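Have a look at the structure below before the remarks.
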Amino acid sequence: MNDFYHRQNRNLQDQFGTRPLADRINELIITDELDDEAREFITGRNMFFISTVDEQGRPTVSYKGGAAGFVRVIDSKNIAFPLYDGNGMFLSAGNINNNNNVGLLFMDFENPHRLRVHGSATVSTDDELMDQYHEAQMIVRIKVRDIFINCPRYVHSAQSKEESEFVPREGIETPEPEWKSWEVVADVLPDK
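Encoded structure:
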């Protein structure tokens, strides 16, 4: 058995009588490689959530969106995705540069399903994938440590109407978000 669970997980599993179930889940669904089903699910998403940790140990979660397929499965152990223009805070990228442990949650709200990926990340402004993503500022690469499906019981069913008009597309000028025209930030926006 691997070390997927730590002492506090085990204490709670024992308290609630779920250690055998947790062990079975670990045995059956937690793996360190992307199979064909996981690859198809990941590349079919147009969004996911990523958790990172800052240098004080404070966690944050960010929503990352793009056109379906913007997350690339490089091989059975590695995925990559672009970071596009955002709010200039660089929370995810900065946190990854400090602590490369990340958690990703891929969701399908129309057909409730979710997939978790844990791994170690790197961020680069000169990655070979940069020219494959229109308007990418950086590329994040994740080396997969754990991947597993997660119970969709509490996933609310929702339908996606359309992708955001702000997703960069080759040959189409990406509109500026309204907040970048606000007077309170106009003087501190970086040059394009």
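In this text, residue positions in the sequence shown follow our numbering: the first is 3, and each later residue adds one.
In this text, a Cβ means the ideal position worked out from N, Cα and C, and glycines have one as well.
Just so we're clear, the structure is a prediction, and the values are computed from it rather than from any experiment.
Any chain C beta carbon closer than 8 Å to residue i
{"i": "N80", "result": "In the structure shown, chain C cannot be found, because there is only a single protein chain."}
Endpoints, beta strand (DSSP E) assigned at residue i
{"i": "D77", "result": "74-77"}
{"i": "N113", "result": "Counting along the chain, N113 falls outside any beta strand (DSSP E), and DSSP gives it neither H nor E."}
{"i": "N89", "result": "First-last for N89: undefined, no H or E at that position."}
Of the residues the options, the one placed nearest residue i, counting alpha carbons only
{"i": "G71", "options": "Y65, G88, M49, P61", "result": "M49"}
{"i": "F168", "options": "R118, P177, D5, T54", "result": "P177"}
{"i": "S78", "options": "E29, V146, K182, G121", "result": "V146"}
{"i": "R60", "options": "S94, E35, N28, V75", "result": "S94"}
{"i": "C153", "options": "I174, P170, D110, V190", "result": "D110"}
{"i": "E130", "options": "A82, V55, N101", "result": "A82"}
{"i": "K182", "options": "V63, G90, D16", "result": "G90"}
{"i": "E39", "options": "F108, Y156, P179, G67", "result": "F108"}
{"i": "R143", "options": "N80, R47, R26", "result": "N80"}
Simplified DSSP state of residue i, which is helix, strand or coil
{"i": "R60", "result": "coil"}
{"i": "Q134", "result": "helix"}
{"i": "L36", "result": "coil"}
{"i": "S53", "result": "strand"}
{"i": "L191", "result": "coil"}
{"i": "A82", "result": "strand"}
{"i": "F43", "result": "helix"}
{"i": "G68", "result": "coil"}
Paired residues, beta bridge with residue i - DSSP
{"i": "S122", "result": "N103, K145"}
{"i": "F150", "result": "R118"}
{"i": "R171", "result": "I174"}
Element boundaries [alpha helix (DSSP H), containing residue i]
{"i": "N11", "result": "9-18"}
{"i": "E29", "result": "21-31"}
Nearest-angstrom beta carbon gap, residue j and residue i [assumed within contact, 8 Å]
{"i": "Y65", "j": "E137", "result": "No, Y65 and E137 are not in contact; Cβ-Cβ is about 18 Å, not under 8 Å."}
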